[in-house]
Every structure is written in structure tokens, then in C-alpha cells.
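full-length UniProt numbering puts the first residue of the sequence shown at 1, with every later residue one more than the last. One structure is given below, encoded as C-alpha cells.
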Amino acid sequence: MADDRERTYNGNYVQSIGKEEPERPFMEETAAEMAEPIRRRDERDEERADGTGLGWLALALSIIALFIWPILLGAAGIIVGFIARRRGAETLGAWAIGIGVIAILVRLFIMPFYS
Numbered sequence: 001m002a003d004d005r006e007r008t009y010n011g012n013y014v015q016s017i018g019k020e021e022p023e024r025p026f027m028e029e030t031a032a033e034m035a036e037p038i039r040r041r042d043e044r045d046e047e048r049a050d051g052t053g054l055g056w057l058a059l060a061l062s063i064i065a066l067f068i069w070p071i072l073l074g075a076a077g078i079i080v081g082f083i084a085r086r087r088g089a090e091t092l093g094a095w096a097i098g099i100g101v102i103a104i105l106v107r108l109f110i111m112p113f114y115s
């Protein structure tokens, strides 16, 4: 019986049963990793949880801007809405931006006719 340590991969080699085989082109040694791969999606999900609070804050500012201080609170709602969208709360941020813009436009173009 041939010792496996004496086999060479430079040409044909003899297996322990004595049969000669040609060298295969994939004679490198490979292994699978034991640890689970790092997923960037998991890290982004954690960031999205941070943006949700900012999204609700932006939405609250924009809704309050419909009733009092529309220029100040509407602008704050728009700015915080953009920050919330960048942090992952896309829907809440978009609603806050939209309502903040509506509050400012109503104050600038409609309210002067009723004052």
C-alpha cells in the first residue's frame, strides 16, 4: 500500500490501489468558512430603526405646522424629514416633507386672503 504523503501533484500519481490517474486541474485545497458571513443588510436594518423615531418627529412637526407657526415648524419638519429619509424611514420622511411643504404653501399663498 502506497503512502499518501509520497504522492506528487506535478504529473500522474499512483493512488493507494495502484491505479494511475491523470492530474486533475482542480487539485487545490478549499474549505468552507465555519462562521456565518457578515451581512451588510443587517447593519442597515439597525440604522433604519434609528430613522423611524426621526420620521415620527418630522411628521409631528409638519402636522403641527398646519395649525401654528407654519413657516418655522414646516421648515423644521422638512429638514428632519430629509434626515429621516437618509436614515431609512423613507415613507415617514416623505410624508413629513410633503405636509411641511403644504403647510408653508398654505401660509404664504392662501392665508393672506383670509387675514
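Built from N, CA and C at the ideal position, the CB exists for glycine as well. Remember, predicted model here, so these are calculated numbers, not experimental data.
The shortest C-alpha to C-alpha distance from G51 to any of I110, L105 and R85 is the one to R85. Using a Cβ distance threshold of 7 Å, A65 and G77 count as a contacting pair. Between L54 and A89, the beta carbon gap of about 6 Å places them in contact (Cβ cut-off 8 Å). Residue environment: I71 is assigned as exposed (fewer than 16 neighbouring CB atoms within 10 Å of its CB, all protein chains considered).
Under the three-state reduction of DSSP output, S115 falls in the coil class, being neither helix nor strand.
If the five residues before and after I63 are omitted, its C-beta is found closer than 7 Å to the C-beta atoms of I99, all from its own chain and listed in chain order.
Secondary structure at R87: coil, using DSSP grouped into helix, strand and coil.
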